[in-house]
Amino acid sequence: MSWLSNSLQLAGELLESVDQKASGKLKQRGGTRHTTHLLLDLKLRNDLSAVERQLANSTEQLAVCQDELEALDKECTDKITSLERQIGQLGCDKAADEAHFVAALGVKDAHVLTLEGHLTASKHVIQAGEAQLEQRVTSLLAELTEASAAHVQLKKEYADSKQSMYARQCALEATNAELTSQVATLQHASAEPTASSQTKNRPLQEAQDMLASTKKQLHEECRKAMHQAQEISKLTADMTALQAMLVHKEASHHASVLSLQKELHEARTARPSAGAAPVLTTTTAAAAAVPDGQMQAMTRRLLEKQEQLDAVRSRYTTLEVRFNDLKAAKDAQDKVR
1051 MSWLSNSLQL AGELLESVDQ KASGKLKQRG GTRHTTHLLL DLKLRNDLSA
1101 VERQLANSTE QLAVCQDELE ALDKECTDKI TSLERQIGQL GCDKAADEAH
1151 FVAALGVKDA HVLTLEGHLT ASKHVIQAGE AQLEQRVTSL LAELTEASAA
1201 HVQLKKEYAD SKQSMYARQC ALEATNAELT SQVATLQHAS AEPTASSQTK
1251 NRPLQEAQDM LASTKKQLHE ECRKAMHQAQ EISKLTADMT ALQAMLVHKE
1301 ASHHASVLSL QKELHEARTA RPSAGAAPVL TTTTAAAAAV PDGQMQAMTR
1351 RLLEKQEQLD AVRSRYTTLE VRFNDLKAAK DAQDKVR
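In terms of my numbering, the sequence shown opens at residue 1051 and continues consecutively.
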């Protein structure tokens, strides 16, 4: 557009200069007017031809520029129409995406509420199980304390019975020595022939029988005492091991409870917020199902811990029954003696 305006301006300046020159020449004096009229006319004709040629060229260039301007205007109109159409399509896509995003947020919020309900229920179950386990551990510790006191009492009674058995053994040995001396005296006396040898042989036979019975009874008492000592030693070792096992199980249970509480806290803090929730896909649905698996694993671990405590309690009950049977047998033997 600048070169077109420059060309038009140049043509106007040429025409103006030609007019000025013509007017100047016409104002000259009459002597030279006739002589130069032909030259001036020829020059003016040449200048006019040049101006006309420049004007024709400028007109052609102006037509070309108008054609280019029309083509450019059409191209701009087409591009504007295409852009308006793209803007409309983008607006529709944006509205559809916003509607889909709002629907996905609603589904995510519902899923988050469901997960919170599951977490609350699992928390109540874990708290109830923890309270029950603590009650069981407390009762087991109380029973273990009672068993320890009974064990101390039994050890004391065993020491007393061992001392009394030792005293009885000493008395039986003294009786055995006395009976041996009497048997020797009777045998020495029976070597002399007398009329009452048959009468004396009867006490001798009775003394020998009594000596054999006493030896047998002494041997049986020693065997029973050794057997009871072995049983009490084994029972003491079992109760010590059981006590250590209960302490270990209690520590393991507390560690497991702390671990479960930590996992619950991590699962709760790792839950995605509803405001920044993306559109749900298969991957996010699978990730949302992870807390359910964690809850099931925690429940299984609690059940396993409860089964282990039940097994320990059953074993403790068995040992306590054996302990009571052994104590009853010992009391019965003490009463018989």
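Note that the Cβ used here is the ideal one computed from N, Cα and C, for glycine as well.
Residue burial classification, residue i (beta-carbon count within 10 angstroms, cutoff 16)
{"i": "Y1208", "result": "buried"}
{"i": "S1172", "result": "buried"}
{"i": "K1266", "result": "exposed"}
{"i": "L1183", "result": "buried"}
{"i": "L1140", "result": "exposed"}
{"i": "L1089", "result": "exposed"}
{"i": "M1215", "result": "buried"}
{"i": "L1204", "result": "buried"}
{"i": "T1244", "result": "Residue placement at T1244 is poorly supported in this model, since its pLDDT is 49, which falls under 50; the coordinates still yield a value, given next. Exposed."}
Own chain residues within Cβ distance below 6 Å of residue i, not counting five before or after
{"i": "L1376", "result": "E1281"}
{"i": "T1368", "result": "none"}
{"i": "T1109", "result": "none"}
C-beta contact flag for residue i and residue j at 9 Å
{"i": "L1310", "j": "I1176", "result": "yes"}
{"i": "L1194", "j": "L1292", "result": "yes"}
{"i": "M1260", "j": "L1229", "result": "yes"}
{"i": "Q1358", "j": "K1299", "result": "yes"}
Cβ shell of residue i (< 7 Å), same chain only, five flanking positions each side left out
{"i": "A1378", "result": "none"}
CB contact below 9 Å: residue i versus chain B
{"i": "Q1280", "result": "Absence of chain B from the displayed structure is noted, only one protein chain being present."}
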